[in-house]
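Those sequence lines, one after another, are chains V and L. According to our numbering, the first sequence is numbered sequentially starting from 1. According to our numbering, the second sequence is numbered sequentially starting from 463. In what follows, a single structure is set out as structure tokens and then discussed.
Protein chains: 2
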Amino acid sequence: MTLEQVLKPDIEELVAQRDFATLRQVLSDWTPQELADLIEALEPPDDVIVFRLLPRDLAADTFEYLATENQLALVSALAQEKERLVNLLNDLSPDDRTSLFEELPGPVTQRLLNMLSPEERRVAVMLLGYPEDSIGRLMTTDYVAIRPEWTVQQALDHIRKHGKDSETLDVVYVVDRSWHLLDDLRVRELLLAEPTALIADLMDERFVALRASDDQEVAVAEFQEHDRVALPVTDSKGVLVGIVTVDDVLDVAQEEATEDIHKLGGSEALDAPYLETPLLSLVGKRARWLVVLFLGEMLTASAMGHFEGEIARAVVLALFVPLIISSGGNSGSQAATLIIRAMAVGEVSLRDWWRVMRREVASGLALGGVLGLIGFIRVSVWQAMFGTYGPHWALIGLTVALSLVGVVMWGTLSGSMLPFVMRRLGVDPATSSTPFVATLVDVTGLVIYFSIAAALLSGTVL
Amino acid sequence: MTLEQVLKPDIEELVAQRDFATLRQVLSDWTPQELADLIEALEPPDDVIVFRLLPRDLAADTFEYLATENQLALVSALAQEKERLVNLLNDLSPDDRTSLFEELPGPVTQRLLNMLSPEERRVAVMLLGYPEDSIGRLMTTDYVAIRPEWTVQQALDHIRKHGKDSETLDVVYVVDRSWHLLDDLRVRELLLAEPTALIADLMDERFVALRASDDQEVAVAEFQEHDRVALPVTDSKGVLVGIVTVDDVLDVAQEEATEDIHKLGGSEALDAPYLETPLLSLVGKRARWLVVLFLGEMLTASAMGHFEGEIARAVVLALFVPLIISSGGNSGSQAATLIIRAMAVGEVSLRDWWRVMRREVASGLALGGVLGLIGFIRVSVWQAMFGTYGPHWALIGLTVALSLVGVVMWGTLSGSMLPFVMRRLGVDPATSSTPFVATLVDVTGLVIYFSIAAALLSGTVL
């Protein structure tokens, strides 16, 4: 049981009694995290009442932990009390404010922007100027910058004075007069150095910086490679414009993985937790892809219709249709997911397509060979036990086996190459989802199967 | 071009000339990250030669950035030079040493353990005592602990003296005499406080701690919720045993997502980057599941065999088989991936199964209705244009439409419930991969389709 679960009834009781003095006293002991959990658990208007009772600093900290829907509800409830809203907005950290603004309709964002202090507005407008999903949207301007000509003692005094708002004190940044980034220094280096040493002497001028206009996926990869707590962000001229902290990057990594998994499963990304997505939007996001896939899959009915005569003459051919096309779909799914994930984490890039193709042709042959062999054995055993397939069982078995080799090869190849095609076209590779690959392979798989059957069986079964 | 790509030919030249003095001088300018990239790029035995030239501290830092295969190669190459190996092992940070030991065969680990200093061996054995994938394996013992009765100045002096090995200096931990964790304090709080203040007065005794025996997925969720740089790890009695830093957690989150995506795609997790996985192991990890799925899918041939008479009488029924079963597979894939990811990130737990089921029954009905309607329109249009389906086209259309509703409902329901069954059985929910769900739905989908056909069409088409 969490604190907010235990005490929720008591809080509700106090709100009902309008005993705000006791309530304020009780809440002053809570952490922002706990307060956020409590406010999320309360029914309106209790949530707004409790939030209003919080002292200014605590209100801003708590707000940052709230879910977006609760943030939006509070902002609209506070719209009547301009001063409180102004204070709240000004107290938020820049990255949290940016993500709140992103969720609001344009005119509301504009109105809120006007409430900010000139300095905060400048920061907010700058952050909002970067494209969505860019590193610029992820960064905060709350960091400490120091100068190379200072002593360690001067730097530490500066940190003590201006570090209050900084998101991390593990790292500070050395900049020149024009705010060009010269180096990053871990605060531990300052703590361990002689107070009289010059900052310039501690510098090695080696640092990793992110570009504000780059995609947030780049930030994830850089943080994974460099094991840092925070990385500085520069513009195209090398001027320090902000920092990104690793805790925000962890959220991005998890969101990107969720998005990819949703797409791989053949629906649009939900953009919200499953249980919180309204049913209508849940159905909508799934229906769109399902209908597209269904329309594609209709081609199987046409393809089969094309071979209707063969099926009428040898119904036995129809029996293996699901087995053969699903094997193509399964091997294609495997290949597509392996390649899409490898691309997402930066292990495979566009220029690797040829290496991947060679590997996948070999894998496809091997996998198709295994399944083909099993398929042939299946036909032989059933023939021996039940005489299911008549005098030409060996030819039927061979048709099934060869079709499996061909379909699995084709599935593997198209599953592995589609993500490259997607990326080349500028589309997210995860869009070539497993159902998408399966549908593509189903139609061609049927053509492969019936063509092999026509070649091998005409004159006997057909 | 990275530094190591530019200079690799020069380095190889220097190695060939045995000009180790120049080489040592050149390399002293490089960062551990750059050195690791260089060593990974060099052919043996150049990589070992370059590594041997590094000064002791730099060697340990560089080693931590190397890929596991390069680490293993260096350890076996250095086995002849016991002293160097001893120094290297003692200089590694505990979490990196643990993950190296994990990769080695048991007897080798034992031999290397014996090379450690008694203190380091105690730490290594303790870390290795935790189950694989537990938080205990992820933690490091390099942190700074302070006492509540100290002043801020005493604490800062202690950090300056003992903080050299600490993985983060953003946070220090307050412990009592028996090393019970009392609180965590951000170093910024110390920097911003009066030097004469007591640590006890800065404490709020509110902290989040991880349990060493918990799964690493718990650490990912806790870091996501609390936005921290590092979290302390305690044993079952609340004694501080180590800390986990967020950069390691980011790696875990990415690995877990990759594993889930591989499983969702219907292969075993590769455990290594795609291009670095040997072809044989790549094929093996995919073949196992592909064969299992193939054996399952064989039931479709039996199911279709059961309805062979119906197909012979109405070949038209066979034409819609791929369309109908793939719609079930696709809707099942969607449901399974949404639920599996929601479980992985902790949005959905076992006790939510009933809520999920109600949502999925509703979604399945809606999605099935949409596809059924499109299916019926397809039959009507083809009938109007080509007269494909004869006098009983409306009944055939109805059979297709109703089968689609049933199959999509069934696909959605089994796709969403299978992950719950898996988790209940203690199996990773991601094992109910999209191909697995599709196979399951294919077989039952055929039965649903032909049963509806038998009911609706007997006496007319059948």
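Note that the Cβ used here is the ideal one computed from N, Cα and C, for glycine as well. On a predicted model such as this, the values are computed, not experimentally measured, just so you know.
Query: Alpha-carbon spacing of L:V903 relative to V:V171, whole angstroms; Result: 54 Å
Query: Listed by chain order, chain L residues near V:H162 by CB distance under 8 Å; Result: In chain order: nothing, as chain L lies at least about 10 Å away.
Query: Close Cβ partners of V:G481 (< 6 Å) along its chain, the five nearest in sequence each way excluded; Result: Past the boundaries of the shown model lies residue 481 of chain V; chain V is included only from 1 to 462, so the question cannot be answered.
Query: Where L:H642 sits in the DSSP three-state scheme; Result: strand
Query: Whole-number beta carbon distance between L:S878 and L:V818, since they are thought to touch under 8 Å; Result: 6 Å
Query: Proximity below 8 Å, CB of V:L446 to CB of V:I325; Result: yes
Query: Cross-chain neighbours of V:T434 in chain B, by beta carbon under 7 Å; Result: Protein chains V and L are contained in the structure displayed, whereas chain B is not.
Query: Interface flag, V:S93 vs chain L, CB-CB below 8 Å; Result: no
Query: Anticipated Cβ contact below 8 Å, L:L551 with L:D710, distance rounded; Result: Actually they are not in contact, since the Cβ atoms of L:L551 and L:D710 sit about 20 Å apart, beyond 8 Å.
Query: Chain-ordered chain V contacts of L:A723 [CB-CB under 8 Å]; Result: The displayed chain sequence assigns Ile, not Ala, to residue 723 of chain L. Here the neighbours are A257, D260, I261, L264, T337, I340 and R341.
Query: Which of helix, strand or coil DSSP assigns to V:Y130; Result: coil
Query: Any non-hydrogen atom of the ligand COA within 7 Å of L:P657 CB; Result: Among the components of this structure there are no ligands whatsoever, and the ligand COA is therefore not found.
Query: For V:T300, the first and last residue of its enclosing alpha helix (DSSP H); Result: L279 to H306
Query: Collapsed DSSP secondary structure at V:R186 in the structure displayed; Result: strand
Query: Per-residue DSSP class, three states only, for L:P735; Result: coil
Query: Where L:R650 falls, given that 16 or more other Cβ within 10 Å makes a residue buried; Result: buried
Query: L:M819 at chain V interface by Cβ criterion, 8 Å; Result: no
Query: Contact set for L:V680: own chain, Cβ-Cβ below 6 Å, skip 5 residues either direction; Result: none
Query: L:P897: first and last residue of the uninterrupted beta strand (DSSP E) it sits in; Result: L:P897 -> not in any beta strand (DSSP E); alpha helix (DSSP H) instead, spanning T896 to L919.
Query: Identity of the residues DSSP links to L:I705 by a beta bridge; Result: L:T602 and L:P694
Query: Stretch-stretch touch, CB-based, cutoff 8 Å, three pairs: the stretch 712-732 of chain L with the stretch 800-817 of chain L; Result: yes
Query: Distance between beta carbons of V:S213 and V:Y130, contact taken as under 8 Å; Result: 7 Å
Query: Residue of L:I858, L:L829 and L:G830 minimising C-alpha distance to L:V843; Result: L:I858
Query: Cβ pair V:E119, V:L92 closer than 8 Å; Result: no
Query: Segment contact flag, the stretch 734-747 of chain L with the stretch 810-829 of chain L, C-beta cutoff 8 Å, min 3 pairs; Result: no
Query: Chain L within 8 Å of V:A301, Cβ atoms only; Result: yes
Query: Rounded Cβ spacing between V:E347 and L:P735 (contact assumed at less than 8 Å); Result: 4 Å
Query: Reduced DSSP secondary structure (H/G/I, E/B, other) of V:L462; Result: coil
Query: Alpha-carbon to alpha-carbon, L:A892 and V:A73; Result: 36 Å
Query: Cβ pair L:I705, L:V714 closer than 8 Å; Result: no
Query: Length of the line joining the Cα atoms of L:G598 and L:E656; Result: 36 Å
Query: Between the CA atoms of V:D95 and V:L54 - distance to the nearest angstrom; Result: 22 Å
Query: Rounded C-alpha distance that separates V:T388 from L:S789; Result: 30 Å
Query: Proximity test, Cβ basis, 8 Å: V:P131 and chain L; Result: no
Query: Counted within 10 angstroms of its Cβ, other Cβ atoms place V:T460 as buried (16 or more) or exposed; Result: exposed
Query: Residues of the stretch 767-783 of chain L with Cβ closer than 7 Å to any Cβ of chain V, in chain order; Result: G767, E770, I773, A774, V777, A780, L781, F782 and V783
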